[in-house]
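If you read the sequence shown in full-length UniProt numbering, its first letter stands for residue 1, the second for the next number, and so on. Heads up, the beta-carbon is just placed ideally off N, CA and C, and yes, glycines get one too.
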Amino acid sequence: MSEQKNPERPDEPNDRNGQDEAVPAQREDTGEVIGTRRGMFGAANGGDTSGYGGLVRTVRLPGASTRPYGGPRGGASGSSGYGEFDEIADELEGALDEQGLVPEDVIEKTVVDRAELTFHIERSRLPAVARILRDDPALRFELCTGVSGVHFPGDKGRELHAVYHLRSITHNRLVRLEVSAPDADPHVPSLVEVYPTNDWHERETYDFFGIVFDGHPALTRIMMPDDWQGFPQRKDYPLGGIPVEYKGAQIPAPDQRRSYS
Numbered sequence: 001m002s003e004q005k006n007p008e009r010p011d012e013p014n015d016r017n018g019q020d021e022a023v024p025a026q027r028e029d030t031g032e033v034i035g036t037r038r039g040m041f042g043a044a045n046g047g048d049t050s051g052y053g054g055l056v057r058t059v060r061l062p063g064a065s066t067r068p069y070g071g072p073r074g075g076a077s078g079s080s081g082y083g084e085f086d087e088i089a090d091e092l093e094g095a096l097d098e099q100g101l102v103p104e105d106v107i108e109k110t111v112v113d114r115a116e117l118t119f120h121i122e123r124s125r126l127p128a129v130a131r132i133l134r135d136d137p138a139l140r141f142e143l144c145t146g147v148s149g150v151h152f153p154g155d156k157g158r159e160l161h162a163v164y165h166l167r168s169i170t171h172n173r174l175v176r177l178e179v180s181a182p183d184a185d186p187h188v189p190s191l192v193e194v195y196p197t198n199d200w201h202e203r204e205t206y207d208f209f210g211i212v213f214d215g216h217p218a219l220t221r222i223m224m225p226d227d228w229q230g231f232p233q234r235k236d237y238p239l240g241g242i243p244v245e246y247k248g249a250q251i252p253a254p255d256q257r258r259s260y261s
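Spelled out as structure tokens, the structure:
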């Protein structure tokens, strides 16, 4: 039987079983290693029944990308590899220059990973960058869909990360901003004045991660009781729970419902 060919790539044989398409693309072995993770769910006391207790893998953050950044839809420039991510970066850096800010002092690194563009911003400059992205006619990221918290205990000196997802309705583009803060100083400027819809998103991130958004109009818990101790989505928060009473019966806390030998 003659070997079938891929019509889109005639120089390459077509995989009859579709296995090549089923294998996810591997992230390059580059970036910043911030720790090693053992097991699947972080259980260290014999409570991991998933069968992945022997799994060992590095925790790696993607490193800074180099020009050209490219982009999913190319760009106006005719140079090879230049794309819409380069256009966004050029406009942002130019706007920072116009305001007397040195881009290298504001943008800690630019990362293109998994077809997403992320600017890592020095946290005190976050509101200025957000205003530029919102107001500059060539950028016009009018919508912030919220802020997400992340806790990396192994990322010393910047354990807490706040990630913002911005959308330009005018130009149909997406970009992410990311700032970091240490556990010992978990303060990040609020963006409620720039993007009012971040009000409750910042409260939720504060509630679960303990990131304090300076300048927020009413930074209070939104999910947990006001007197709750700790921040439940931090990696160092103890696993377990509190007993629940239901129709006269008491259900034990999750960490007490089963015992493992």
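Check: If we count the other Cβ atoms within 10 Å of its Cβ and call it buried at 16 or more, is residue 194 buried or exposed?; Outcome: buried
Check: Quick one: any contact between the region 216–229 and the region 136–147, if contact means 3 or more CB pairs under 8 Å?; Outcome: no
Check: Confirm, please, whether the CB-CB distance from residue 166 to residue 133 is below 8 Å.; Outcome: yes
Check: So residue 213 packs on residue 180, CB below 8 Å; how close in whole Å?; Outcome: Actually they do not touch by this definition, with Cβ atoms about 14 Å apart.
Check: Identify every residue that forms a DSSP beta bridge with residue 256.; Outcome: Answer is none; residue 256 lacks a bridge partner.
Check: Tell me which residues share the same chain as residue 117 and place their Cβ nearer than 6 Å to its Cβ, disregarding the 5 neighbours each side in the sequence.; Outcome: 85 and 175
Check: Would residue 111 and residue 162 qualify as a contact pair, given that the criterion is a beta-carbon distance under 8 Å?; Outcome: no
Check: Taking buried to mean at least 16 other C-beta atoms within 10 Å of its own C-beta, is residue 155 buried or exposed?; Outcome: buried
Check: With respect to the beta strand (DSSP E) encompassing residue 189, which residues constitute its N-terminal and C-terminal limits?; Outcome: 187–189
Check: Tell me whether residue 194 sits in a helix, a strand or coil according to DSSP, three-state version.; Outcome: coil
Check: Here's the rule I'm using: 16 or more other beta-carbon atoms within 10 Å means buried, otherwise exposed. How should residue 115 be labelled?; Outcome: exposed
Check: If you drop the 5 nearest sequence neighbours on each side, which residues of the same chain put their C-beta closer than 6 Å to that of residue 177?; Outcome: 119, 121 and 164
Check: Would you identify the three-state DSSP class for residue 219, choosing helix, strand or coil?; Outcome: coil
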